[in-house]
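So the protein sequences, as listed, match chains A and B.
One point on numbering: in my numbering, the residue at position 95 of the first sequence is 95, and numbering is uninterrupted.
One point on numbering: in my numbering, the residue at position 103 of the second sequence is 216, and numbering is uninterrupted.
Report on one structure; see the data block that follows.
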Amino acid sequence: EAQVTQNPRYLITVTGKKLTVTCSQNMNHEYMSWYRQDPGLGLRQIYYSMNVEVTDKGDVPEGYKVSRKEKRNFPLILESPSPNQTSLYFCASRRQGVVDTQYFGPGTRLTVL
Amino acid sequence: GEDVEQSLFLSVREGDSSVINCTYTDSSSTYLYWYKQEPGAGLQLLTYIFSNMDMKQDQRLTVLLNKKDKHLSLRIADTQTGDSAIYFCAMVPGNTGKLIFGQGTTLQVKP
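Here it is in structure tokens:
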């Protein structure tokens, strides 16, 4: 089954404690991205990657890092989380150049105290 | 940059039609999309329309595109309680490959 998986689905942490949210896709997609969803703001792109070892900033990259060492994985790293990073995070993937086949993961709800 | 606007909330009665509206500023997107997010779930592509079309119908869904007014709408006929969700319009300005989303419209369907 084609899917994008994220872990963990829920996470409560404290300010400053480094965390990683994993994302994996089984469709051999080149393009992967991370979004955060906040009430009244829709989805905003944090980072994206067009292929292995190619990453770039989205609209709201501050406070986040990503890496793309393998095609299937695109982890999101918060080196020093702050309360304003409390949000719902989605990973997505698609084939490069084919926007209509974007697949979203189930989401990770992060609370930073 | 691209700006995509939606109203935040719509309430309808079961069996009525729902119309969710979206306005945008950049008209260079080749495709315009509607995504559905059910409670506790990720986003699912519902339908899309090619920019050179005015209308697309897919069972209970009708998408209308008014390029002159930069207005996109999604009509759901015979709305059911299972249609309760957040609906996002989205588009890809220029050749960026980046999806830009509206704020999302929460559709509440009352029995």
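For glycine and all other residues, C-beta sits at the position ideal for the given N, C-alpha and C.
Going along chain A in order, which residues have a C-beta closer than 7 angstroms to the C-beta of residue i?
i        : result
B:GLY217 : GLY42
B:GLY155 : PHE90, PHE104, GLY105, PRO106, GLY107
B:PHE214 : GLY42, LEU43
Excluding the 5 residues preceding and the 5 following residue i in the sequence, name in chain order all residues of the same chain whose CB lies nearer than 8 angstroms to its CB.
i        : result
A:GLU53  : ARG68, LYS69
B:VAL205 : SER142, THR143, TYR144, LYS211, LEU212, ILE213
B:GLN157 : TYR148, LYS149, GLN150, GLU151
Name, please, each residue of chain A whose Cβ falls closer than 8 angstroms to the Cβ of residue i.
i        : result
B:PHE201 : GLY42, LEU43
B:LEU121 : GLY40
Classify residue i as buried or exposed, calling it buried when 16 or more other Cβ atoms lie within 10 Å of its own Cβ.
i        : result
A:THR15  : exposed
B:THR138 : exposed
A:LEU113 : exposed
B:THR194 : exposed
B:SER131 : buried
A:ARG36  : buried
Consult DSSP for residue i and reduce its assignment to one of helix, strand or coil.
i        : result
A:ASN26  : coil
B:GLY195 : helix
A:THR15  : coil
B:GLN157 : strand
B:GLN172 : coil
B:GLN221 : strand
A:THR101 : helix
A:ASN177 : Residue 177 of chain A falls outside the range modelled here, since chain A spans only 1 to 113, and no answer is possible.
B:ALA203 : strand
A:GLU1   : coil
What's the gap between the Cα of residue i and the Cα of residue j?
i       : j        : result
A:ASP50 : A:SER82  : It is worth fixing the name first, because residue 50 of chain A is Met in this sequence and not Asp. Taking the straight line from one Cα to the other gives about 28 angstroms.
A:ASN84 : B:ALA198 : 25 angstroms
A:GLY42 : B:ARG126 : 25 angstroms
A:ILE12 : A:TYR64  : 17 angstroms
Can you name the residues of chain A whose CB is closer than 9 angstroms to the CB of residue i?
i        : result
B:GLY195 : In chain order: nothing, as chain A lies at least about 19 angstroms away.
B:LEU174 : By Cβ distance, chain A contributes nothing, its closest Cβ being about 15 angstroms from B:LEU174, past 9 angstroms.
For residue i, is the beta carbon positioned less than 8 angstroms from some heavy atom of the ligand SAH?
i        : result
B:ALA203 : No copy of the ligand SAH appears in this structure; indeed no ligand is present at all.
Consider the Cβ of residue i: report whether some Cβ of chain E lies at a distance smaller than 9 angstroms.
i        : result
B:VAL132 : Any reference to chain E falls outside this structure, whose protein chains are A and B.
Looking only at its own chain, which residues have a Cβ that is under 6 angstroms from the Cβ of residue i, when we skip the five neighbours before and after it?
i        : result
A:PHE104 : PHE90, ALA92
A:TRP34  : ILE46, TYR47, LEU76, CYS91
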